[in-house]
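Novice:
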Amino acid sequence: MAKNETSKDLWPSERYIGGFERLILSAVQLLLAALVVLGLLDLLYLMVRGAHAEMLSIGSVDALQNAMQHGFSGVLLVLIGLELLETVRAYLKHHRVRLEVVLIVAVVALGRHIVELDLETLDGFTLIGIAALMLALTGGYFLVRVRNSGLRPPTGRSDIPPERTD
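If you're matching positions, the sequence shown starts at -9 in the numbering used here and goes up one per residue.
1. Quick check on this structure: which residue in 3, 5, 6 and 13 has the alpha carbon closest to the alpha carbon of residue 81?
2. With 16 as the cutoff for other CB atoms within 10 Å, does residue 27 come out buried or exposed?
3. Residue 68 and residue 29: beta carbons closer than 8 Å?
4. Alpha carbon to alpha carbon, how far is residue 97 from residue 70?
5. Should residue 116 be labelled buried (16 or more other beta-carbon atoms within 10 Å of its own) or exposed?
6. Runs of 4 residues minimum, wholly inside the region 50 to 104: which ones carry the alpha helix (DSSP H) assignment?
7. Express the C-alpha separation of residue 87 and residue 151 in angstroms, rounding to a whole number.
8. Give me, in chain order, the residues of the same chain whose beta-carbon lies closer than 8 Å to that of residue 85; leave out the 5 immediate sequence neighbours on both sides.
9. Taking only three categories from DSSP, how would you classify residue 6?
See the structure below:
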C-alpha cells in the first residue's frame, strides 16, 4: 500500500476536520459573545450601583480618580473581549491568526493594567519594564501595519540612474 493511501485511511477526511473546526470555533464565538454581554451588563450594574452609593460620598480627587480608574478598567476589559471575538472570527474566515489583532489585544490589556496601577508605590525598574513592554507591543503593531499596508520603503530608487563601473 502506498503511503498516501495509508495516511488517508488513518485520518478523517478534510471535510470532517473542517466541520469540526467550524463547530468548535462557532462555540468559542458564542462563549466569547456571552462573556462580553455579561461583562457589559455587570459593568452597567456596578456603575449604577457605584454611582448611587459611592459617587455621592466622594470627597477628594484621589477617591474620584480611583473610582474612574475602576470604570475605565471595566470598559477596557469589555473591549478586550470584543477584540478576542474578532480574532476568532478572523481565524474562522481566513484560517489564520491575524497578528495585528493579537497585538491590539495585548496593547489594550497592558493599557488596562497600567490604568489600574498605583504608580506611587511602584519602583523604577517595574515602570521601565512596563514601558519597554508597551514600546515593544506598539512597535510590533506599527511594523505589522507597515508590512500589511504595502508602505514598505523601496529597495532601490528608480529615479537615480545606476552608477557606471567603467
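Ideal Cβ positions, reconstructed from N, Cα and C, are used throughout, including at glycine.
Specialist: Reading it off the structure:
1. Position 91 of the sequence shown, counting from 1, holds the residue named residue 81. Measuring from the Cα of residue 81, the nearest candidate turns out to be 13.
2. Working through the sequence shown from its first residue, we reach residue 27 at position 37. Classification of residue 27: exposed, given that the 10 Å Cβ count is below 16.
3. Residue 68 sits at position 78 when you count from the first residue of the sequence shown. Residue 29 sits at position 39 when you count from the first residue of the sequence shown. Yes, Cβ-Cβ distance for residue 68 and residue 29 is below 8 Å.
4. Locating residue 97 in the sequence shown gives position 107, where the first residue counts as 1. Locating residue 70 in the sequence shown gives position 80, where the first residue counts as 1. About 9 Å.
5. Position 126 of the sequence shown, counted from the first residue, corresponds to residue 116. Answer is exposed; the Cβ neighbour count stays below 16.
6. 51 to 84
7. For this step, residue 151 is matched to residue 161 along the sequence shown. For this step, residue 87 is matched to residue 97 along the sequence shown. Since pLDDT at residue 151 reaches only 49, below the 50 mark, its modelled position is unreliable, and the value read off the structure follows with that caveat. C-alpha separation (whole angstroms): 42 Å.
8. Reading the sequence shown from its first residue, position 95 is the one you call residue 85. The answer is none, since no qualifying residue turns up.
9. As a position in the sequence shown, residue 6 is number 16, starting the count at 1. Of the three classes helix, strand and coil, the one that applies to residue 6 here is helix, per DSSP.
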